[in-house]
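Everything on this sheet refers to the single structure shown next.
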Amino acid sequence: MTLPNIQTKRAALKNYGSGSYLASDVTVLLDMVDKDAVADVPVSQKEALIQSGQRHYSDMLTLEQAPTAKHEQLYIQALEQGSTRTATDIAHLSHTLHQVFQQNVSDEHPLVLVSLVRAGLPIGVLLQRALSDTDSSYHLPSVHYGISIIRDRGLDPVALQMLLEAYPNSPVIFVDGWTGKGAIYQELARSLETFSDSTHVNFANIFHQGANVIPLLTLADPAGVAWLAASEEDWLIPSGLLNSTVSGLISRSLYTEPSSGLHRSVFYDDLIEVDHSLAFIERIDAVRRALATTPARLPTYQQPRYQTAALIETLAADYHIVNRNRIKPTIAEATRAILRRDPERILLATAEHPDTILLRHLCAQRNITISVLGDKILPYQAITLIKQRSQDT
2 MTLPNIQTKR AALKNYGSGS YLASDVTVLL DMVDKDAVAD VPVSQKEALI QSGQRHYSDM
62 LTLEQAPTAK HEQLYIQALE QGSTRTATDI AHLSHTLHQV FQQNVSDEHP LVLVSLVRAG
122 LPIGVLLQRA LSDTDSSYHL PSVHYGISII RDRGLDPVAL QMLLEAYPNS PVIFVDGWTG
182 KGAIYQELAR SLETFSDSTH VNFANIFHQG ANVIPLLTLA DPAGVAWLAA SEEDWLIPSG
242 LLNSTVSGLI SRSLYTEPSS GLHRSVFYDD LIEVDHSLAF IERIDAVRRA LATTPARLPT
302 YQQPRYQTAA LIETLAADYH IVNRNRIKPT IAEATRAILR RDPERILLAT AEHPDTILLR
362 HLCAQRNITI SVLGDKILPY QAITLIKQRS QDT
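In terms of the numbering used here, the sequence shown opens at residue 2 and continues consecutively.
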């Protein structure tokens with residue numbers, strides 16, 4: 002039976018919002034702040050501040066604007082092209098979670114899905130919808146939360162502690178959209194080190210797949226670091242082509258010292274009319290429910306393989322890049338980097354690959370150099386190299 006104090010802690014979590022998703026889809030453990038209270042830093046200025054070390058990227062935002070008509074059109078095309086694959090991947094992932102956890106979770110002690118804000122949110126919502134589907138073969142008691150993770154600063158410890166106290170007997174799975182170089186995996190692993198002692202009260206919540214096994218789930222895992230992923234391919238994940246307008250209208254998270262509370266975020270209420278977040282979920286979930294194929298159990302990995310680490314090192318040497326943060330691999334990350342950062346050039350595996358249409362369109366708009374390198378950058382289809390704005394350290 003759930004103890005009264007645990008029920009109280011779970012009830013308190015409901016005080017937090019869900020962005021533009023349904024309350025039943027996710028609870029996002031972020032302190033939402035008004036965008037008027039956040040400095041809107043131009044991209045070029047932000048880049049110089051980040052690279053010089055004067056400011057951390059999580060201390061400032063470049064406020065999002067509505068996507069252009071062309072951008073919207075290309076997103077819709079990607080959704081048409083990728084709906085069945087996304088839905089099939091979600092079914093395989095859900096089936097695998099069911100197989101792994103069906104004996105260990107219950108309504109009292111559900112599986113806790115923790116999406117990493119923002120790219121993890123759409124995938125986590127789709128998984129929550131699938132696991133909640135009592136008509137499916139993979140129905141599983143689960144709850145879904147979104148929390149912030151920030152490169153160099155880690156997972157929000159306040160948010161994680163709130164979840165561990167509310168669900169002390171539940172296994173936790175961390176959900177992200179895709180992996181690029183594996184940097185977020187490493188950040189997650191560092192953040193979870195404190196729980197790695199088998200005598201820690203929350204050891205079993207985190208390391209339920211074995212000591213030192215980080216339970217990270219992604220839709221795509223080109224870097225080869227996830228415990229569970231639908232594939233290791235770099236493909237056109239539709240939710241990777243937009244920012245807040247497919248992620249609950251939530252901004253990239255802003256850092257807050259743990260003593261001051263949760264990490265912060267902006268809710269883009271001015272973008273409600275162009276928000277695709279719920280429509281994306283409804284579309285993929287409907288396709289999943291109509292699938293005729295039987296879901297398969299996917300392989301899981303105890304340790305990361307870092308299968309692209311040598312490639313990243315080669316690119317860093319070839320382009321004289323000391324700071325690996327300037328290398329943004331995968332179609333999704335390369336596209337987001339063009340929209341949010343100051344790119345120097347784009348590397349493509351194939352000149353006319355249909356999955357890079359938006360990327361090439363954005364490059365033409367901004368006169369960004371494209372280099373086609375063929376097999377040299379596989380498994381990635383695209384990589385953005387960020388322009389050096391200060392002494393690279």
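No residue lacks a Cβ here, since even glycine has one placed at the ideal position from N, Cα and C.
Alpha carbon to alpha carbon, how far is residue j from residue i? Give it in angstroms, no decimals.
i    : j    : result
C364 : K71  : 13 Å
V373 : T336 : 16 Å
K388 : A212 : 40 Å
F204 : R346 : 44 Å
Q162 : G20  : 21 Å
D276 : V267 : 15 Å
L165 : N206 : 8 Å
S240 : E73  : 12 Å
K47  : Y58  : 8 Å
D393 : G183 : The pLDDT assigned to D393 is 47, lower than 50, so where the model puts this residue is not dependable, and the model offers no usable value.
Q187 : V176 : 14 Å
Q103 : Y139 : 9 Å
A291 : A79  : 20 Å
T85  : V288 : 6 Å
Q382 : V42  : 30 Å
V202 : T195 : 11 Å
L114 : T370 : 40 Å
P5   : N326 : 46 Å
W236 : I332 : 7 Å
V106 : T135 : 15 Å
E407 : E234 : For residue 407 there is no data in the structure shown, the boundaries of the chain being 2 and 394.
K377 : G18  : 44 Å
S191 : R56  : Per the sequence shown, the amino acid found at residue 191 is Arg instead of Ser. Each residue's alpha carbon lies about 22 Å from the other.
V34  : S25  : 22 Å
Thinking C-alpha only, which one of the options is nearest residue i?
i    : options                   : result
L122 : S107, L132, S143 and S149 : S149
L193 : A184, H93, G155 and G225  : G155
I215 : Q382, I185 and T200       : I185
R130 : E188, D222 and P142       : P142
I174 : Q210, D270, V202 and T195 : Q210
P355 : E81, A38 and M61          : E81
V44  : P380, R361, L359 and D343 : D343
D108 : Q304, Q8, R367 and T85    : Q8
G225 : R152, S261 and R306       : R306
T295 : L94, G54, D60 and T63     : L94
K36  : A310, R265, L360 and W236 : R265
D222 : V106, L360 and E334       : E334
S232 : G54, L360, T180 and E274  : T180
R253 : A24, A12, S25 and D32     : D32
Throw me the rounded Cβ distance for the residue i and residue j pair, which I believe falls under 8 Å.
i    : j    : result
A230 : L218 : 7 Å
I251 : G178 : Wrong, their Cβ atoms sit about 14 Å apart, outside the cutoff.
L220 : I238 : 6 Å
I384 : L340 : No, I384 and L340 are not in contact; Cβ-Cβ is about 15 Å, not under 8 Å.
P158 : P259 : 5 Å
P380 : T246 : With a Cβ gap of about 28 Å, P380 and T246 do not count as contacting.
M61  : A38  : Wrong, their Cβ atoms sit about 12 Å apart, outside the cutoff.
L75  : I358 : 6 Å
Once you ignore the five residues that flank residue i on each side, which residues in its own chain have a CB closer than 8 Å to its CB?
i    : result
G375 : A350 and T351
L14  : T28, L30, Y146, M163, L164 and A167
T301 : T97, V101, Q210, W228 and L229
N16  : none
Give the range of the beta strand (DSSP E) segment to which residue i is assigned.
i    : result
H1   : Beyond the ends of the chain as shown, which are 2 and 394, falls residue 1; an answer cannot be given.
P158 : Not the beta strand (DSSP E): P158 falls in the alpha helix (DSSP H), residues P158 to A167.
P330 : I328 to P330
A230 : L229 to S232
V11  : Looking at the sequence provided, one finds Arg at residue 11 rather than Val. First-last for R11: P5 to L14, but that is the alpha helix (DSSP H), not the beta strand (DSSP E).
S192 : Unbroken run through S192 is the alpha helix (DSSP H), A184 to S192; no beta strand (DSSP E).
D376 : Here D376 belongs to no beta strand (DSSP E), and DSSP marks it neither H nor E.
P344 : P344 to L349
T385 : A383 to I387
R265 : R265 to V267
G178 : V173 to W179
L255 : Element bounds for L255: n/a, residue is neither H nor E.
For residue i, which residues of its own chain have a beta-carbon under 6 Å away from its beta-carbon, when the five flanking residues on both sides are left out?
i    : result
G147 : V27, V29, S116, V118 and L122
H110 : N170 and S171
N244 : E65
V144 : P111 and V113
Excluding sequence positions up to five away, which residues of its chain have a Cβ less than 7 Å from the Cβ of residue i?
i    : result
L127 : I91, I282, I285 and D286
First and last residue of the alpha helix (DSSP H) that includes residue i?
i    : result
G125 : G121 to L132
S95  : A70 to F102
F281 : S278 to R290
D319 : A310 to D319
F204 : F204 to I207
L359 : I358 to R367
R56  : Looking at the DSSP string, R56 is not in any alpha helix (DSSP H), and its letter there is neither H nor E.
Taking 8 Å as the CB-CB cut-off, is residue i touching chain B?
i    : result
L112 : Considering every chain present, this structure includes no chain B. It has just one protein chain.
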